[in-house]
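Notes for the one structure printed next.
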Amino acid sequence: SQKIEQNSEALNIQEGKTATLTCNYTNYSPAYLQWYRQDPGRGPVFLLLIRENEKEKRKERLKVTFDTTLKQSLFHITASQPADSATYLCALVLQTSYDKVIFGPGTSLSVIP
Amino acid sequence: GAGVSQSPSNKVTEKGKDVELRCDPISGHTALYWYRQSLGQGLEFLIYFQGNSAPDKSGLPSDRFSAERTGGSVSTLTIQRTQQEDSAVYLCASSLVFGRATYEQYFGPGTRLTVT
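Just so you know, the sequences run in chain order A and B.
Take the first sequence: its position 105, counted from the start at 1, is 91 in the numbering used here, and no numbers get skipped.
Take the second sequence: its position 109, counted from the start at 1, is 118 in the numbering used here, and no numbers get skipped.
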């Protein structure tokens, strides 16, 4: 069956450390993978997109890797700050007749001062 | 500029009543998506619009759910004869679509629906 899994447990890290979030998928062939941030009571906000032929993408303190052999993406936040505390969602983009986006369940991150 | 807006922000309704949820996408965005998010869960895809047509309705949970989009802009999601399991946050998103290129989705704040 098809599924997307993210860290099942909430992640708590100390301010200044690097947070690493995992997204694994099964029986999908995504063309792209996206990461979103969601704060309580708000809609998700797009952060980064990485294509299937890209290994790594960076944006400021964020880094995403994409391994289509392992069917896994890793999302890193370096020099984490309390303001980074949120739920992070990975999303697979399947190119059918349009871009169908399948979201993972999300990982809750808390950065402790 | 204005983002995606949704109304109402909160809706409490009695079981068996019909509800209409509205989404105003970003101007010029041709693609519009509806999702449902239950407490502590991920986003569940409901329906996608390209312009006014809905090529993918596969996510609608039952025939009590319907959606339309007019003028390539505003969309309404209608739930008839609401049930308690319909309680969730309903999120709308819009994006630019050119051919098969992918653009990020811009989400609205959601409508929190509570069925009592």
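Backbone N, C-alpha and C define an ideal beta-carbon position, used for all residues, glycine too.
DSSP-derived helix/strand/coil call for A69/A: Numbered from its first residue, the first sequence carries residue 69/A at position 83. The DSSP-derived three-state label of A69/A is helix.
Residue-chain proximity (F58/B, chain A), Cβ-Cβ < 7 Å: Counting from 1 along the second sequence, the entry for residue 58/B is found at position 49. Not one chain A Cβ lies under 7 Å of F58/B.
Is the Cβ-Cβ distance between L19/A and F61/A less than 7 Å? Position 33 of the first sequence, counted from the first residue, corresponds to residue 19/A. Position 75 of the first sequence, counted from the first residue, corresponds to residue 61/A. In terms of Cβ geometry, L19/A and F61/A do not form a close pair [threshold 7 Å].
Throw me the rounded Cβ distance for the R110/A and T64/A pair, which I believe falls under 8 Å. Examination of residue 110/A is not possible in this model, given that chain A is present from -13 through 99 alone.
Quick check: what's the CA-CA separation for E42/A versus L41/B? Walking along the first sequence from the start, residue 42/A turns up at place 56. Walking along the second sequence from the start, residue 41/B turns up at place 32. Looking at the two C-alpha atoms, the distance is approximately 29 Å.
How many Å lie between E53/B and F89/A at the Cα? Within the second sequence, residue 53/B is the residue found at index 44, counting from 1. Within the first sequence, residue 89/A is the residue found at index 103, counting from 1. Their Cα atoms are separated by approximately 7 Å.
Which of the three DSSP states is assigned to E94/B in this structure? The sequence position of residue 94/B within the second sequence is 85, counting from 1. It is helical.
Straight-line Cα distance separating L95/A from W43/B: In the second sequence, the residue the question calls residue 43/B occupies position 34. In the first sequence, the residue the question calls residue 95/A occupies position 109. W43/B and L95/A have their C-alpha atoms spaced approximately 26 Å apart.
Do R73/B and V98/B count as a contact pair if the criterion is CB distance below 7 Å? Taking the first residue of the second sequence as 1, we reach residue 98/B at position 89. Taking the first residue of the second sequence as 1, we reach residue 73/B at position 64. No.
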